[in-house]
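Following the numbering used here, the numbering of the sequence shown begins with 80 at its first residue and continues without gaps.
Ideal Cβ positions, reconstructed from N, Cα and C, are used throughout, including at glycine.
If you're wondering where the values come from, they're calculated on a predicted model, not measured in any experiment.
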Amino acid sequence: MMARKLFSAALSAAALLAVTPVPAHEGHHSPVPWQACQDKQLDDPCEFRNTARDLYRGSCREVQRQLICVRNQPITRSAAAPGQLEPPWSEALQAPWKLPDDIQYEL
């Protein structure tokens with residue numbers, strides 16, 4: 080009985096020591112969600128597209144005294160097949176020196 084309690088205590092201590100805190104959200108590394116709220120106010124609706132042309136819709140929220148577009152609706156997936164880019168991306172790849180102006184690019 081005593082050995083079982085010692086084993087449980089040792090196992091609990093090992094589990095507690097093995098836990099490392101991980102931030103729930105490390106932040107957004109792409110400038111596109113920030114740019115989507117550049118000329119907007121807090122809680123304004125916003126949207127942006129990623130490089131696969133998926134549409135992200137949400138509202139402008141304040142993070143570190145700056146507004147960022149935070150998704151609060153389901154992602155609208157691009158109609159392009161996986162691995163394929165839909166126009167104007169495919170057109171831009173043929174002429175990479177002239178990218179479309181109406182697209183917000185994710186780096």
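Using the Cβ count rule (16 or more neighbours within 10 Å means buried), how would you classify residue i?
i	result
Ser91	exposed
Leu178	Note that Leu178 scores a pLDDT of 49, beneath 50, so its modelled location is shaky; the value from the coordinates is reported in the next line. Burial call: exposed.
Pro153	exposed
Ser169	Any reading at Ser169 needs caution, since the residue's pLDDT is 48, under 50, leaving its predicted position unreliable; the model's value is listed next. Label assigned to Ser169: exposed.
Gln173	Per-residue confidence for Gln173 stands at a pLDDT of 48, beneath the threshold of 50, marking its modelled position as unreliable; the derived number appears in the next sentence. When all chains shown are included, Gln173 counts as exposed.
What does residue i pair with, by DSSP beta-bridge criteria?
i	result
Pro124	Ser138
Leu146	Glu141
Thr188	Nothing can be reported for residue 188, as the shown portion of the chain is limited to 80 through 186.
Thinking C-alpha only, which one of the options is nearest residue i?
i	options	result
Arg128	Ala82, Thr155 and Met80	Thr155
Pro110	Met81, Leu121, Asn151 and Gln145	Gln145
Gln114	Ile147, Gly137, Ser87 and Asp133	Ile147
Val142	Ala89, Leu85 and Asp122	Asp122
Asn151	Ala131, Cys116 and Pro124	Pro124
Val149	Thr130, Cys116 and Ala131	Cys116
Determine the extent of the alpha helix (DSSP H) in which residue i is found, giving its start and end residues.
i	result
Gln114	Val111 to Gln114
Are the beta-carbon atoms belonging to residue i and residue j less than 8 angstroms from one another?
i	j	result
Ser157	Asp118	no
Arg136	Glu126	yes
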